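In our numbering, the protein residues as written are 5 to 110.
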């Protein structure tokens, strides 16, 4: 969404996953009234959900946040916790994505 979601913003500027059109499209969705739950709970950024196998990004902490959980404002108010499960990413033969887990108060 913005530079807080990229470990090295200059390296990825205008590249796939961080291009201007991709960022603009996500902003257009948010302007419809959705809330980015990860950003709501981690405004400082630095919480990554994708790591490149080729560069050993996970081991180096070099990732991107490309997985989002969007909610309506009422659902966002009921959200009590957001986490990225990095233990799954550290398993043998993992996905290059780490799951985002969101907990809502009923």
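For every residue, glycine included, the Cβ atom is placed at its ideal position computed from N, Cα and C. In this text, all values refer to a predicted model and were calculated from it rather than measured experimentally.
{"Asked": "Tell me which residues share the same chain as residue 85 and place their Cβ nearer than 6 Å to its Cβ, disregarding the 5 neighbours each side in the sequence.", "Found": "107"}
{"Asked": "With distances taken Cα to Cα, identify the nearest neighbour of residue 72 among 91, 58, 43.", "Found": "43"}
{"Asked": "What is the DSSP secondary structure of residue 122, reduced to helix, strand or coil?", "Found": "In the structure displayed, the chain extends from 5 to 110; residue 122 sits before or after that span and is not available."}
{"Asked": "May I ask you to report which of helix, strand or coil DSSP gives residue 79?", "Found": "helix"}
{"Asked": "Report the residue from 29, 8, 90, 76 whose alpha carbon sits nearest the alpha carbon of residue 104.", "Found": "90"}
{"Asked": "For residue 38, which residues in the same chain have their Cβ closer than 7 Å to its Cβ, ignoring the five residues on either side in sequence?", "Found": "74, 75, 76"}
{"Asked": "Would residue 53 pass as a contact of residue 36 if the rule is Cβ separation under 9 Å?", "Found": "no"}
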